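Quick notes on the structure that follows.
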Amino acid sequence: MRKPYPVAVAGDGPYIIDKEGKRYLDAASGAGVSSLGYSDAAVSAAIARQAKELAYVYNAYFTTEPAEQLAQALVEMTPKGLDWVFFGSGGSESMDGALKMALQFHIDNGQPSRRTFISRRQSYHGCALGGLAVSGNVIRRMLFEDVLMQVEFVSPCYAYREMESQETADQYVARLAQELEDTILRLGPHTVAAFIAEPVVGATNGAVPALPGYFKAIKAVLDRYGILFIADEILTGSGRTGTYLSIEQDEVTPDLVTLAKGLGAGYQPISAILVSDRVFNVIADRRGYFIHGHTYNASATPCAAALAVITQIRERDLLARVQQQGMKLRGALQDRLSQHPHVGDIRGRGLLIGLELVRERESKQTFDAQAMVWAQVQQQAMARGLICYPMGGTADGMNGDHILLAPPFIIDDVHIAEIVDTLAVSIDAAVANAAA
Ligand SMILES: Cc1ncc(COP(=O)(O)O)c(C=O)c1O
2 MRKPYPVAVA
12 GDGPYIIDKE
22 GKRYLDAASG
32 AGVSSLGYSD
42 AAVSAAIARQ
52 AKELAYVYNA
62 YFTTEPAEQL
72 AQALVEMTPK
82 GLDWVFFGSG
92 GSESMDGALK
102 MALQFHIDNG
112 QPSRRTFISR
122 RQSYHGCALG
132 GLAVSGNVIR
142 RMLFEDVLMQ
152 VEFVSPCYAY
162 REMESQETAD
172 QYVARLAQEL
182 EDTILRLGPH
192 TVAAFIAEPV
202 VGATNGAVPA
212 LPGYFKAIKA
222 VLDRYGILFI
232 ADEILTGSGR
242 TGTYLSIEQD
252 EVTPDLVTLA
262 KGLGAGYQPI
272 SAILVSDRVF
282 NVIADRRGYF
292 IHGHTYNASA
302 TPCAAALAVI
312 TQIRERDLLA
322 RVQQQGMKLR
332 GALQDRLSQH
342 PHVGDIRGRG
352 LLIGLELVRE
362 RESKQTFDAQ
372 AMVWAQVQQQ
382 AMARGLICYP
392 MGGTADGMNG
402 DHILLAPPFI
412 IDDVHIAEIV
422 DTLAVSIDAA
432 VANAAA
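Using our numbering, read the sequence shown as starting at 2 and increasing by one per residue.
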């Protein structure tokens, strides 16, 4: 509330241009949103066409061709078994919808005692009360803690800080699966509705993918006790990690998946819940409707925009491009910063990459939280015309700093070089300021 903002007036590929004519290379796609950059002509044309023909109909009375075609495209692009789609307008909205769908599923399935959710520390699932309640993010919960529904939290898969030095990766994964199972048994399996996780932890932890085998082990525990798995792919989905869903790379199929951000790629606000046959069939057979709905569900213009986005991803083979440019960006960051005294870890998947900053590499000691090094990096980068997405609280919710990078899928090699150069200089300037 207390600072002025530059006025953005135009977009040009991965750049945003402000009123003064300054160009910003957006290495964060806003907040992991603008995967096609800011000037995709095909998407804007599709929006204009739809707005002219029929901008909106109420989904309780009608469906539309863009909504049906988009649902079909999503079913084709995602693993077998995720065959149904419920559209909304934003990430938090889809998360609250998925939580309610899990609760209704269990009631309609004859198990009404399943009312508890299990989530993970250091996670973010939305700012509405449902999504916030299942978020481990300490700072975002802080003022609202007393009114949030009771949720159980287990450890994230955060090898950089939480894997013991004498532990192998397999042992660490087994320990986390055991922790989940112990939690379920303590609560009583008949009381647990669903487990919620981001396949790659985004804003709270700075692009932390799970270790190989983690989600398989977790899913096996959940299946043993009839508990649903909700994958929050609001940030990681829609191609951001090089497959349409990130969880495909973990080789499990969730019961519900939430999508938002890259689905409309910033051209329109739209989100989706991908629903498995298992969940859909129970609700459809027993009750016939989901007791939940928003005025703008499956709105025609956002669906037309998202259909144009997914068409671009398919026709231009952008998933392969994400894999290729993601590897190049990560490689360039490694070359430049892997020995930097204040970069403790470089990690991620596809074009979702995180750098964890530390005061001291060896001990992994964090900077003083008061110094807000993450905010300094953001300021220094902005001043130099680079947008990144830094955040604090990385290590334990209060301490630690990371920088999240999630550039548009269309970035070229020159953009990669620009990101790495500007970021390196900005980190040095931020650390120097913090030390001063
Ligand atoms: C993983 C995840 N879940 C949920 C949300 C909330 O989405 P929205 O901001 O669109 O409400 C976000 C947004 O940052 C997110 O990254």
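Yeah, the Cβ is synthetic: ideal placement off N, Cα and C, and Gly gets one too. Small disclaimer: the values here were computed from a predicted structure and weren't measured.
Assign residue i to one of three DSSP states: helix, strand, or coil.
i	result
S427	helix
D97	helix
R241	coil
P190	helix
T169	coil
I18	strand
H107	helix
Y161	helix
V437	Here the sequence assigns Ala to residue 437, which means Val is not the residue at that position. If DSSP states are grouped into helix, strand and coil, A437 belongs with coil.
G327	helix
F410	coil
D147	helix
S455	Because the chain in this structure spans residues 2 to 437, residue 455 falls outside the shown range and cannot be described.
V174	helix
D318	coil
I140	helix
With 16 other CB atoms within 10 Å as the buried threshold, where does residue i fall?
i	result
Q269	buried
V202	buried
M468	Outside the shown range of the chain (2 to 437) lies residue 468, about which nothing can therefore be said.
L177	buried
L264	buried
D224	exposed
E54	exposed
P7	exposed
S45	exposed
K1	Look at the range of the chain in this structure, 2 to 437, and you will see that residue 1 is not part of it.
K220	buried
G207	buried
Q371	exposed
G345	buried
Q51	buried
V253	buried
H416	buried
Could you tell me how far apart the beta carbons of residue i and residue j are, in whole angstroms, since I believe they sit closer than 8 Å?
i	j	result
I48	T302	6 Å
L352	F410	6 Å
G243	G349	Incorrect: roughly 10 Å between the Cβ atoms, too far for contact.
G12	S36	G12 to S36, Cβ: 13 Å. No contact.
L320	Y226	The pair is not a contact, with the Cβ atoms about 34 Å apart (cut-off 8 Å).
A42	T117	No, A42 and T117 are not in contact; Cβ-Cβ is about 48 Å, not under 8 Å.
R287	D84	Rounded, the Cβ-Cβ distance is 18 Å, inconsistent with contact.
Validate contact between the segment 345 to 362 and the segment 391 to 403 using beta carbons, cut 8 Å, 3 pairs
yes
With three or more beta-carbon pairs closer than 8 Å as the criterion, would you say the segment 64 to 81 touches the segment 257 to 277?
yes
Segment contact, 8 Å Cβ cut-off, at least three pairs: the segment 131 to 140 with the segment 160 to 169:
no
Please go through the segment 203 to 288 and give each complete alpha helix (DSSP H) segment of 4 or more residues, from N-terminal end onward.
215 to 225, 278 to 287
To test your reading of the DSSP string, which unbroken alpha helix (DSSP H) runs of 4 or more residues are found completely within the segment 334 to 398?
374 to 384
For the segment 92 to 111 against the segment 232 to 244, are there 3 or more C-beta pairs whose distance is under 8 Å?
yes
Mind pulling the alpha helix (DSSP H) runs of 4 or more residues that sit fully within the segment 33 to 89?
42 to 55, 66 to 78
Is the segment 123 to 133 touching the segment 148 to 162 in the sense that three or more CB pairs, one from each, lie closer than 8 Å?
yes
Touching or not, the segment 13 to 33 and the segment 409 to 429, by the rule of three or more beta carbon pairs under 8 Å?
yes
Quick test of the definition: if touching needs 3 or more C-beta pairs under 8 Å, does the segment 303 to 311 touch the segment 248 to 265?
yes
Would the segment 58 to 67 count as touching the segment 98 to 113 if we require 3 or more Cβ pairs under 8 Å?
no
Meets three-Cβ-pair contact criterion under 8 Å: the segment 142 to 155 and the segment 410 to 424
no
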